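Heads up: the sequence lines are chains A and B, in that order. With our numbering applied, the first sequence corresponds to residues 1 to 454, in that order. With our numbering applied, the second sequence corresponds to residues 1001 to 1145, in that order. Glycine included, each C-beta is placed from N, C-alpha and C at the ideal position. Since we're looking at a predicted model, the values are computed, not measured.
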Amino acid sequence: MVELKHGFKIDVDKCDGRMHCMRACPTQAIRVKGGKARVVPELCIDCGNCLAVCPRGAMTATTIPFTALDKFKFKVVVASPALFAQFGLNVTPAQVGRALLDLGFDAVWEYAVDIELIDRAISNTIKAWPGPFPLISNSCPVVVRLVQVAYPAMVEQLISVDAPREIAARELKRRYAQEKNLKPEEIAAIYITPCQAKTISILQPAEGVTSHLDGAVAIKEIYNDLLFRIRHNASKEDGGETFLGIGEVFHWGAPEGEFPHLSREHYLPLTGLQDVIKVFDDIEKGKLRNIDFLECHACPGGCIGGNLTVENVYAARSKSLRLSSVIPKPTAVFEREVSRRFAAEDLSLRGSLRPRRLEGDGLDLRERVSRKKRADELTRGLPGVNCGLCGAPSCRHHAEDVAAGRADVGDCVFLSRDRIETLRKIYVGGKSQAGSPAGSNLEEKPKNGGQNVR
Amino acid sequence: MAAELLRESYDIQGRNFDKAGEISSEIKALLSGLGLDAASIRRSVIVAFEAEMNVVMYAQRGTLTVILSDEAIDLEIRDVGPGIPDIELAMQAGYSTASDEMREMGFGFGMGLPNMKKNSDVFRIETEVGRGTSVLATIRLNAHG
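Laid out in structure tokens, this is it:
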């Protein structure tokens, strides 16, 4: 089995084991042992909740540093539409595009064509699909991974059309290799990403192929530089007029994966992991069969609410609506390009999506049943308060970990006094006696915590 | 018959639309926790959900029992309720005696029993008018899943 990669890393030195991440994880993929968080790779779906809640900033996205791009001869930006919603209401996409070039990129890709292509491919796929319904969008890598891990029976409902960003990267390499007389590997297709999940979809696509993109740069990482250049350019006379073409980046200001061709009646847009999970639970019971297509985004508000964006999601939405209201109807040139490429390109997903293999899959049924019974029995002996001090997110998870041989039942503080002593050393410091030194230390902590809250 | 490995029973309360669907969610968690193949889980959950809804819509109360063996998942649903006067009619797709109120809530399109049968490998139904209905659905585990 290939080692599973994730779009973030944990800085063990920064981690102080306060379990915010463990409690925020929707798939219970984090354990905190010995005062340090670690991820159970096969359960992690790269939602990024842990990055957002860590007060120490110990979890960071693995985007590529800007300097790593120097090895490429020609660097092309594929920018998530979320990027253009990050700046003030009067900043145009053309100004943002111009600033990207000033930053050192050689071109900004006209992404609107790819989005339109995928929109058409999805509409056609839905029309030809025999069922089961609804089909589910795959442009959000978290949603794909959620289905693979928690809804394996629904994997076939993930639509087998590639993401616009991948189609864009493939085409831009083809075009610039020809135009600039370069080898495709000398050209970098760099995605400007609103979330760390897209980086994992580049590092290790869920369908088991190699991404056409070469890396992702976080919106957050370049925001300040872009803002500075936008301001600087605006104070000059030319105001971005020299940069043509960028006006065609988004004709409708359509966020990736939104599909104006589909009838509203049979198409549901969903955002926010909690809501997505609720709806998936219903689908699993056989409900929602009258819906053709679900467009799902793990972040509340969609990609503009991604954890590597800067602007708050409501302001970004307002900006995004404004952008779409002023962008003109598609030109004849645009329509011709879409038709030409639609006829020429294969837009289907290059690999097939399968349920993720989980720990215990290889065991026979009897062994799994006896593990479950053992876990039931252990659960009855645990306090049920889900304090997390054992290092698992709930008593039930601790029981399952023990039954699977991954943990010691005595890690529960209710079952072992030694455990409290061990935890005291980890969290309160080396002063192990319950007397004055550790006691005063304990009293200081909540005060500091209280000040932080205010 | 293959040896029974596990048996879990759940009580269903009639007319409680608020909680309807919770038991099928528990059954889903149980079966996926056991790492059973995806297709068998999917079929079992659909059968369990339709059965649960039938009890909630028509009966006073019922029990749903999951019995797992090496080869199959058996779902046994027994309710105390009005029974079904004409089973043949009830098994036809689209036939429903649901009230307007139930339909407004999105239930009662007459697909429940046919859908349960479609998703089972063995499907038996017994009913006594004025007493209640029992359903036994068997879903064979897919060894290649």
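Measure the C-alpha to C-alpha separation of residue i and residue j and round it to an integer number of angstroms.
{"i": "B/TYR1095", "j": "B/GLU1088", "result": "10 Å"}
{"i": "A/ALA343", "j": "A/VAL333", "result": "16 Å"}
{"i": "A/ARG317", "j": "A/GLY17", "result": "35 Å"}
{"i": "A/CYS15", "j": "A/LEU288", "result": "42 Å"}
{"i": "B/PHE1049", "j": "A/ALA79", "result": "44 Å"}
{"i": "B/SER1069", "j": "B/LEU1006", "result": "7 Å"}
{"i": "A/LYS329", "j": "A/LEU100", "result": "25 Å"}
{"i": "A/ASP292", "j": "A/VAL209", "result": "27 Å"}
{"i": "B/GLY1083", "j": "B/THR1063", "result": "15 Å"}
{"i": "A/HIS397", "j": "A/CYS50", "result": "18 Å"}
{"i": "A/ALA218", "j": "A/THR193", "result": "5 Å"}
{"i": "A/SER320", "j": "A/LYS425", "result": "51 Å"}
{"i": "A/ILE126", "j": "A/ASP282", "result": "20 Å"}
{"i": "A/LEU273", "j": "A/GLY48", "result": "11 Å"}
{"i": "A/PHE228", "j": "A/LEU270", "result": "35 Å"}
{"i": "A/TYR176", "j": "A/TRP129", "result": "35 Å"}
{"i": "B/ALA1002", "j": "A/LYS173", "result": "59 Å"}
{"i": "B/LEU1075", "j": "A/ASN124", "result": "39 Å"}
Report, in whole angstroms, the separation of the C-beta atoms of residue i and residue j, which I expect to be a contact under 8 Å.
{"i": "A/VAL142", "j": "A/ILE230", "result": "Not confirmed; about 30 Å, so no contact."}
{"i": "B/ILE1077", "j": "B/VAL1055", "result": "7 Å"}
{"i": "A/ALA153", "j": "B/ILE1023", "result": "About 18 Å separates the two Cβ atoms, so there is no contact after all."}
{"i": "A/VAL147", "j": "A/LEU158", "result": "6 Å"}
{"i": "A/GLY388", "j": "A/MET22", "result": "6 Å"}
{"i": "A/PHE280", "j": "A/TYR151", "result": "5 Å"}
{"i": "B/LEU1034", "j": "A/VAL40", "result": "That pair is no contact at about 18 Å."}
{"i": "A/LEU89", "j": "A/ARG322", "result": "6 Å"}
Report yes if the CB atom of residue i is closer than 9 Å to the CB atom of residue j, and no otherwise.
{"i": "A/ASP361", "j": "A/GLY391", "result": "no"}
{"i": "A/ASP119", "j": "A/ALA58", "result": "no"}
{"i": "A/THR60", "j": "A/CYS44", "result": "no"}
{"i": "A/ARG341", "j": "A/LEU117", "result": "yes"}
{"i": "B/GLU1126", "j": "B/VAL1066", "result": "no"}
{"i": "B/ASP1086", "j": "B/SER1134", "result": "no"}
{"i": "A/VAL144", "j": "A/SER201", "result": "yes"}
{"i": "A/VAL276", "j": "A/CYS303", "result": "no"}
{"i": "A/VAL155", "j": "A/ARG406", "result": "no"}
{"i": "A/ARG165", "j": "A/ASP106", "result": "no"}
{"i": "B/ASN1115", "j": "A/GLY286", "result": "yes"}
{"i": "A/ARG350", "j": "A/LEU4", "result": "no"}
{"i": "A/LEU308", "j": "A/CYS195", "result": "yes"}
{"i": "B/VAL1045", "j": "A/GLU345", "result": "no"}
{"i": "A/GLY306", "j": "A/TYR314", "result": "no"}
{"i": "A/ALA85", "j": "A/CYS140", "result": "no"}
{"i": "B/ALA1059", "j": "B/GLY1014", "result": "yes"}
{"i": "B/ALA1137", "j": "B/MET1111", "result": "no"}
{"i": "A/ARG31", "j": "A/ALA24", "result": "no"}
Got a sec? Which residues, its chain only, sit under 7 Å from residue i by beta carbon, not counting five neighbours each side?
{"i": "A/GLN451", "result": "Its pLDDT being 41, under 50, A/GLN451 is placed unreliably by the model, and the measurement read from it follows with that caveat. Same-chain partners within the cutoff: there are none."}
{"i": "B/GLY1020", "result": "Checking the sequence shown, residue 1020 of chain B turns out to be Ala, not Gly. Result list for B/ALA1020: GLU1052, MET1053, VAL1056, in chain order."}
{"i": "A/ALA121", "result": "VAL161, LEU347"}
{"i": "A/THR199", "result": "GLY7, ALA61, THR62, THR63, THR193, ALA216"}
{"i": "A/ALA169", "result": "VAL78, ALA189, HIS212, LEU213"}
{"i": "A/LEU415", "result": "VAL409"}
{"i": "A/CYS54", "result": "HIS20, CYS21"}
Can you give me the Cβ contacts of residue i inside the same chain, cut-off strictly under 8 Å, excluding the 5 residues immediately before and after it?
{"i": "A/PHE72", "result": "GLU186, ILE187, ALA188, ASP214"}
{"i": "A/ASN290", "result": "PHE133, HIS266"}
{"i": "A/ALA68", "result": "GLY215"}
{"i": "B/ASP1121", "result": "ALA1072, THR1138, ILE1139, ARG1140"}
{"i": "B/GLU1004", "result": "ILE1067, LEU1068, SER1069"}
Check for me: the alpha helix (DSSP H) holding residue i runs from which residue to which?
{"i": "A/ALA349", "result": "Ala is not the amino acid found at residue 349 of chain A; the sequence shown has Leu there. Looking at the DSSP string, A/LEU349 is not in any alpha helix (DSSP H), and its letter there is neither H nor E."}
{"i": "A/LEU172", "result": "164-179"}
{"i": "A/LEU227", "result": "219-235"}
{"i": "A/TYR314", "result": "313-326"}
{"i": "B/ASP1018", "result": "It is not in any alpha helix (DSSP H) - B/ASP1018 carries neither H nor E in the DSSP assignment."}
{"i": "B/VAL1047", "result": "1038-1058"}
{"i": "A/THR379", "result": "365-380"}
{"i": "A/THR422", "result": "417-428"}
{"i": "B/ILE1027", "result": "1022-1033"}
{"i": "A/SER137", "result": "Premise fails: A/SER137 is in no alpha helix (DSSP H) and is neither H nor E."}
Can you give me the start and stop residues for the beta strand (DSSP E) that residue i sits inside?
{"i": "A/HIS33", "result": "Checking the sequence shown, residue 33 of chain A turns out to be Lys, not His. Where A/LYS33 is concerned, the enclosing beta strand (DSSP E) stretches over 30-33."}
{"i": "A/ILE455", "result": "Nothing can be reported for residue 455 of chain A, as the shown portion of chain A is limited to 1 through 454."}
Once the 5 residues before and after residue i are set aside, which same chain residues still bring their CB inside 6 Å of it?
{"i": "B/ARG1043", "result": "ASN1119, ILE1139"}
{"i": "A/ARG374", "result": "ALA403"}
{"i": "A/GLU400", "result": "ALA375"}
{"i": "A/ARG417", "result": "none"}
{"i": "B/VAL1113", "result": "For clarity, residue 1113 of chain B is Leu in the given sequence; the question names Val instead. These residues qualify, in order along the chain: ALA1090, MET1091."}
{"i": "A/GLY257", "result": "Its pLDDT being 49, under 50, A/GLY257 is placed unreliably by the model, and the measurement read from it follows with that caveat. Same-chain partners within the cutoff: SER137, SER139, GLU295."}
{"i": "A/TYR223", "result": "VAL310"}
Please determine whether the Cβ atom of residue i lies at a distance below 8 Å from any heavy atom of the ligand MN.
{"i": "A/ILE202", "result": "With respect to the ligand MN, the structure offers nothing, as it holds no ligand at all."}
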